[in-house]
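Everything in the sequence shown is counted per my numbering, starting at 11 for the first residue and increasing by one. Built from N, CA and C at the ideal position, the CB exists for glycine as well. Below you'll find the structure, written out as structure tokens, and then a few comments.
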Amino acid sequence: MKQKKIAIVGSGLVGSLLAIYLRKRNYQITVFDRRPDIRKIKFSGRSINLAMSVRGWNALEAIGIKEEVEGLGIPMYHRYIHVNTKDDYTQKYGKDGEAIYSISRGVLNRKMIDLAEKEGVVFKFEEKVWDVNLPEAKLYTGETEKGKWEEHEFDLIFGCDGAFSRIRHKMQRRSRFNYSQDFLNTGYKELSIPADANGKHVIDKNALHIWPRGKFMLIALPNLDGSFTCTLFMPHEGENSFESLTTPQEVRVFWQTYFPDTLQIMPTLLEDYMSNPTSALVTMKCYPWTYWNKVALVGDSAHAVVPFYGQGMNAGFEDVFELDQIIERLGDTDWQNIFETYQEQRKPNADAIAELSYRNFMEMSQKTADPNFILRKKIEKKFSEHYPELWQPLYSRVTFSNRPYSEAISYGEVQAEIMDQVMQMENIKQDWDTDVVMEFIKEKSSKSMI
């Protein structure tokens, strides 16, 4: 049988992983990317460190590259909450030993490209895709949009080219293609905390640090070199916004007011703030994700989400894993069936994690410092430890399991209703760890069968 020729547009994390998966099935894989080879350039200052969790690790393990990547991550066992005028405190992510892993996007992307090339994948960098012939699976590349183009013919094309995908853009022009994008009023800017003189981390390296301040927040995730990649999330306009902080003096006053404990550990704050770009955050949804038996969207090109659940990459990696499982189950002759099964299976889960990611933004920025929220989490934790068969917290269901996101959001809504009732109980602040409270949750959760 003739070896299938497959094009992947986008050499990011999902495109590189998909290339490895498809190459293992002995297809001829060519990856196109309009950008230069990331291994040869300095990363752009637009990064939010990745939080690898169970879904991501599962996709890497299934293709035999988990061990190659494990050394690039630092386990984060808890959130470390920095609260002005109050004592800092921590919130465990899961059970003892459960962690999400901080990995630099640039470091992981370089590694994934290396691994794909090792398998025989061909990468074409600085190769701009200007158009695609969907019915015939042809790509057209060239130096400029109006210049001379080169035609490339394939059996299949996968769009892994992100939230503003060129492949999806062409699909949008077809009849009955649904598409929406929703920008948050909140944007982000990358900053940094360097290592100390000995190359060590200056704050707890096994935590995701959060400075929640209501409508804005600062987070920090550890890197292997002793530094932290920090991200300031803040409204684009209004009071305390990127629009309102345009000079070093304004930034300094703002920082002294809201993040004074970080001034000593962020010596390049003003330089980083003024030189790094302010980027937007978008949720993107579309359907269908496929065109006939020729073209499919994977990862952000099909379902971009805001980063507040740390599941963007994990969801994209799970797309690849699930697609491969479908090929294994159905065989690789009927790609129309493969593609339709893939999109029907993944779309509800993509919508669910999009919603959960937005909700987690509200939790991280506003609720993590709220005493009622902290108490609520303590009650949930105690009950789940005593009755794990009745209660798996929503965060654990999303982060430490491979169960569908759509299932997680359904269970989470039932749990939220129960906890709303618990928090209305008389004297709950004093009696939260009593048998009466535990029995109440047990009765409600048993009836709900969660």
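For residue i, three-class secondary structure by DSSP
i: A109; result: coil
i: Q101; result: strand
i: W159; result: strand
i: I18; result: strand
i: T272; result: helix
i: I73; result: coil
i: I51; result: coil
i: Y301; result: strand
i: T257; result: coil
i: L82; result: coil
i: A426; result: helix
i: A205; result: coil
i: Y239; result: With the sequence shown as reference, residue 239 is identified as Thr, and Tyr is not the correct amino acid for it. Note: T239 maps to strand in three-state DSSP.
i: H313; result: helix
i: T267; result: helix
i: E399; result: coil
i: K96; result: coil
i: S251; result: coil
i: S416; result: helix
Extent of the continuous alpha helix (DSSP H) to which residue i belongs
i: A217; result: Looking at the DSSP string, A217 is not in any alpha helix (DSSP H); the run it does join, the beta strand (DSSP E), is A217 to P222.
i: Y37; result: Premise fails: Y37 is in no alpha helix (DSSP H) and is neither H nor E.
i: M323; result: G322 to L340
i: L463; result: Because the chain in this structure spans residues 11 to 460, residue 463 falls outside the shown range and cannot be described.
i: L404; result: L404 to T409
i: R176; result: R176 to Q182
i: E453; result: D445 to S458
i: S439; result: It should be noted that the sequence gives Lys, not Ser, for residue 439. Element bounds for K439: I438 to D441.
Residue i vs residue j beta-carbon contact at 8 Å
i: V261; j: Y283; result: yes
i: C240; j: V24; result: no
i: T351; j: L340; result: yes
i: Y268; j: V408; result: no
i: K295; j: A362; result: no
i: M323; j: L60; result: yes
i: I167; j: K12; result: no
i: V139; j: R176; result: yes
i: K210; j: N250; result: no
i: K121; j: V79; result: yes
i: I18; j: L28; result: yes
i: A72; j: F331; result: yes
i: P298; j: F187; result: yes
i: R178; j: S63; result: no
i: E137; j: R33; result: no
i: V447; j: V432; result: yes
i: I48; j: G116; result: yes
i: N412; j: N68; result: yes
i: V142; j: K180; result: yes
i: L404; j: G422; result: yes
i: D342; j: R35; result: yes
Where the beta strand (DSSP E) containing residue i begins and where it ends
i: L234; result: L234 -> no beta strand (DSSP E), and no H or E assigned at all.
i: V305; result: V305 to L307
i: A362; result: From DSSP, A362 is part of no beta strand (DSSP E) but of the alpha helix (DSSP H) over W345 to M372.
i: A61; result: L60 to M62
Identified DSSP bridge partners for residue i
i: S289; result: Y198
i: F193; result: V292
i: S141; result: Checking the sequence, you will find Asp at residue 141 rather than Ser. Partner(s): Y150.
i: Q431; result: Q431 pairs with nothing; no bridge assigned.
i: V132; result: T40
i: H88; result: K102 and A217
i: E245; result: Rather than Glu, the amino acid found at residue 245 in this sequence is Pro. DSSP, once it has assigned bridges, lists T196 as partnering P245.
i: F168; result: I18 and A306
i: N188; result: Y297
i: M227; result: P222 and F243
Integer-rounded CB distance, given that residue j should sit under 8 Å from residue i
i: I428; j: S455; result: 6 Å
i: I84; j: P232; result: 5 Å
i: T293; j: V315; result: 6 Å
i: L291; j: G197; result: 6 Å
i: L125; j: I51; result: Going by Cβ atoms, the distance from L125 to I51 rounds to 19 Å, so no, they are not a contact pair.
i: T272; j: V132; result: Incorrect: roughly 45 Å between the Cβ atoms, too far for contact.
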